[in-house]
Ligand code: AMP
Ligand code: GLY
């Protein structure tokens with residue numbers, strides 16, 4: 007029976023993908039998205055762009071992700087069965103704790119468990135205590151001590167603001183002088199504000215990067231498909247870091263055995279460690295990994311679904327997302343709830359001119375009604391004018407997504423579909439899915 011009501015928190019492409027995947031569920035009758043974007047509202051019976059039964063309706067709620075008490079009141083008033091949190095901000099601010107205190111079901115870790123992302127110093131100490139493969143590191147609250155340390159170490163190092171810095175607080179350095187300059191930016195100029203009260207200095211690793219996301223109910227862990235995103239703004243892995251210009255799943259260089267090994271050496275010990283520490287982890291655990299010659303190492307954990315990784319992963323899920331989330335919340339997660347289609351899926355982000363720096367908004371978007379079947383446009387920075395015209399409203403505007411038998415089929419489909427879409431200054435990478443180029 008389609009009687010479940012779901013609230014998705016966040017307003018990006020990841021949240022559009024979550025809303026869509028939940029609206030496909032035969033169990034779901036209503037999806038709310040707070041605050042959502044122009045893509046996260048549709049009527050009951052809307053056809054599913056990727057086929058199957060029509061979607062349950064989705065509606066936007068004009069509440070910000072950090073309006074925790076207002077969101078809880080909304081969940082009570084609308085008899086929301088489960089709330090799914092997209093971004094890290096509300097999790098780090100304790101939204102899951104507030105909801106649980108009010109007997110509202112929520113998919114996402116507590117504030118304490120979310121420190122796995124919100125404090126890189128906490129995360130590194132946790133990994134060291136629980137034997138999770140990591141680079142060598144040290145954490146400092148005193149600038150002079152950090153500077154002395156990087157000169158003592160010498161050579162390539164990575165300097166990180168410990169707190170949440172919207173993915174920008176990581177500075178990869180070639181030598182000790184660059185590391186000193188990075189410490190100055192974080193602790194002297196305080197470019198990332200209080201996120202830079204503590205710095206973490208790490209051994210600089212080399213290898214291929216991959217991400218492995220997993221569902222967790224606090225005890226059981228089930229991995230998703232491995233994925234890789236492309237963080238740099240321009241082709242060839244050049245230009246400034248962004249929130250992600252595209253992604254694909256699965257990564258073709260990780261075998262089933264590799265995933266089994268990563269589940270045993272990274273995912274399970276992390277969930278078990280958080281449980282042992284009295285801060286059980288319910289939600290998505292996202293491991294950013296470097297595959298080094300000496301084996302995999304954790305670069306970072308995120309306490310949530312990735313954006314745009316989620317948009318590449320969810321179209322390949324053959325089982326229903328709703329019961330997976332329900333099982334996580336109820337401590338009943340099992341392997342057989344999670345099934346994947348063979349094949350690949352790719353997403354290419356269409357960004358505003360100038361992104362990730364300054365960019366214009368309010369520009370009309372054309373061509374989305376001409377997308378071929380089997381392609382889906384996940385909205386990110388979009389809005390509708392009062393007249394109903396679709397316009398740009400952010401840096402990452404749309405993510406054109408398509409599954410295919412082979413990755414090359416998915417990419418051909420997506421890049422073909424992009425030909426139909428336009429807005430002034432639209433920029434995107436032409437090399438998404440080209441292996442190993444970040
Ligand atoms: P993070 O936000 O911690 O994943 O870091 C962002 C990016 O910085 C990663 O995707 C890597 O490319 C790079 N990075 C982070 N930590 C390290 C490290 N210890 N060694 C080499 N590269 C790193
Ligand atoms: N795409 C990287 C992230 O979601 O953190």
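Residue numbers (this note's numbering): 7 to 444. The C-beta atom is built at its ideal place from N, Cα and C for all residues, glycine as well.
In the structure shown, residue 343 falls within a helical segment according to DSSP collapsed to helix, strand and coil. Contact between residue 256 and residue 358 is ruled out by a C-beta separation of about 30 Å, above the 8 Å threshold. Taken in chain order, the complete beta strand (DSSP E) segments of 3 residues or longer contained in the region 112-179 are 143-146, 163-167, 176-179. Just measuring C-alpha positions, the residue of 59, 64, 106 sitting nearest residue 43 is 64. Judged by the Cβ position, residue 342 fails to qualify as a neighbour of the ligand GLY at the 7 Å threshold, every heavy atom of the ligand being at least this far. By the criterion of at least three beta-carbon pairs nearer than 8 Å, the region 322-338 is in contact with the region 80-91. Counting of Cβ neighbours within 10 angstroms places residue 360 among the exposed residues, the total staying below 16. Within 10 angstroms of the beta-carbon of residue 393 lie fewer than 16 other beta-carbons, which makes it exposed. Counting other Cβ atoms within 10 Å of its Cβ, residue 290 reaches 16 or more and is therefore classed as buried. According to DSSP, residue 48 shares a beta bridge with 64. Taking 4 residues as the minimum length, the alpha helix (DSSP H) runs contained wholly in the region 289-364 are 315-319, 327-336, in order along the chain.
Membership of residue 107 in any beta strand (DSSP E) is not indicated; the residue belongs instead to the alpha helix (DSSP H) covering 101-107. Distances from the CB of residue 123 to the heavy atoms of the ligand AMP are all 7 Å or more. Under the three-state reduction of DSSP output, residue 218 falls in the strand class.
At a Cβ-Cβ threshold of 8 Å, residue 156 and residue 189 count as neighbours. Judged by pairs of C-beta atoms under 8 Å, the region 127-140 does not touch the region 99-113, as fewer than three such pairs exist. Between residue 310 and residue 292, the C-beta spacing is below 8 Å. In terms of side-chain proximity, the C-beta atom of residue 314 is found nearer than 7 Å to a non-hydrogen atom of the ligand GLY. For residue 238, the beta-bridge partners assigned by DSSP are 247. A Cβ-Cβ separation of about 20 Å leaves residue 272 out of contact with residue 210 under the 8 Å criterion. When distances are taken from the beta-carbon of residue 310 to the heavy atoms of the ligand AMP, even the shortest one reaches 7 Å or more. For residue 228, DSSP records a beta bridge to 221. Residue 124 sits close to residue 170, with the two beta carbons spaced by under 8 Å.
The criterion of a C-beta distance shorter than 8 Å is not satisfied by residue 403 and residue 327.
Within the chosen limit of 7 Å, the ligand AMP reaches the beta carbon of residue 141 through at least one heavy atom. Rounded to whole angstroms, residue 315 and residue 258 show a C-alpha spacing of 15 Å. Nearest to residue 319 by alpha-carbon distance, out of 212, 365, 158, 345, is 345. Per the coordinates, the alpha-carbon of residue 35 lies some 28 Å from the alpha-carbon of residue 391.
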